[in-house]
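Visitor: Shown below is the structure under consideration.
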Amino acid sequence: MSLVSGTLVLDTDHLDLLISAATAYGQLTSTTTAAFSPTHAAALTAATPDEAGQLLLEENLAAARWRSHRGRGRLPAGHPMTYRHRPVSYWEPVEVIKAVHAYTHASADSPGWAGSAAHRLTADVAHAAAQRLPGYAEAPWC
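Okay, structure coming up:
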């Protein structure tokens, strides 16, 4: 994550971790699967890793633009406007949860955040990561 004059814009390494986790945790599905299995796909994001990463990047940039138009920072020059996924091979669930929290902090000012696909995807990834924390499965419900 880079902080430029008060504007939080996530770097592609951050997005790579989120999208790698979304893929590994089964939160992304192909558009073909979504078309032929709408019940299963309704809870998932129908996108390739590149498309899902672009979705997250655009939501983050929308928040940064919103803040910069209100004098709360400025957009960094030369920040990539397109995303190409580079898989991350290893991470711990707690790192994914923290990455989601940082993404949410950096993107929640976007005017469309509350109902966005980016919000839903990152919430689903955080939930999936929490279920993979050591001891989660063995912990009692109460």
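If you use our numbering, the sequence shown corresponds to residues 10 to 151, in order.
The C-beta atom is built at its ideal place from N, Cα and C for all residues, glycine as well.
Since A71 and G121 are thought to touch, with beta carbons under 8 Å apart, how far apart are those beta carbons, to the nearest angstrom?
Guide: Start at 1 with the first residue of the sequence shown, and residue 71 comes out as number 62. Start at 1 with the first residue of the sequence shown, and residue 121 comes out as number 112. That pair is a contact at about 7 Å.
Visitor: As a quick exercise: from E60, D59, R74, V134, pick the residue whose alpha carbon is nearest that of Q36.
Guide: Position 27 of the sequence shown, counted from the start, is the residue given in the question as residue 36. Among E60, D59, R74, V134, the Cα nearest to that of Q36 is on V134.
Visitor: Near D59, what residues of its chain come up, given a Cβ to Cβ distance below 8 Å and the 5 sequence neighbours on each side ignored?
Guide: As a first step, residue 59 must be located in the sequence shown, where it is residue number 50. Hits under 8 Å: Y92, R93, H94.
Visitor: For A61, which residues from the same chain have a beta carbon less than 7 Å from its beta carbon, with the 5 sequence-adjacent residues on both sides left out?
Guide: Start at 1 with the first residue of the sequence shown, and residue 61 comes out as number 52. Cβ neighbours of A61 beyond the five flanking positions: I28, A31, L37, T54, L130.
Visitor: Check each candidate in W150, T57, H136 and name the one with the smallest Cα separation from I106.
Guide: Along the sequence shown, one-based indexing puts residue 106 at 97. Of the listed residues, the one whose Cα sits closest to I106 is H136.
Visitor: Could you tell me how far apart the beta carbons of W75 and S119 are, in whole angstroms, since I believe they sit closer than 8 Å?
Guide: In the sequence shown, residue 75 corresponds to position 66, counting from 1. In the sequence shown, residue 119 corresponds to position 110, counting from 1. Indeed they touch by this definition, with Cβ atoms about 6 Å apart.
Visitor: Would you decide whether V109 is buried or exposed? Buried here means 16 or more other CB atoms lie within 10 Å of its CB.
Guide: Taking the sequence shown and counting its residues from 1, one reaches residue 109 at position 100. Buried, since its Cβ has 16 or more Cβ neighbours within 10 Å.
Visitor: Pick from W150, G144, A148, A56: whose alpha carbon is nearest that of V103?
Guide: In the sequence shown, counting from the first residue as 1, residue 103 sits at position 94. Of the listed residues, the one whose Cα sits closest to V103 is G144.
Visitor: When you compare the CB positions of A138 and E68, do they come within less than 9 Å of one another, or not?
Guide: Counting from 1 along the sequence shown, the entry for residue 138 is found at position 129. Counting from 1 along the sequence shown, the entry for residue 68 is found at position 59. Cβ distance not < 9 Å, so A138 and E68 don't count as in contact.
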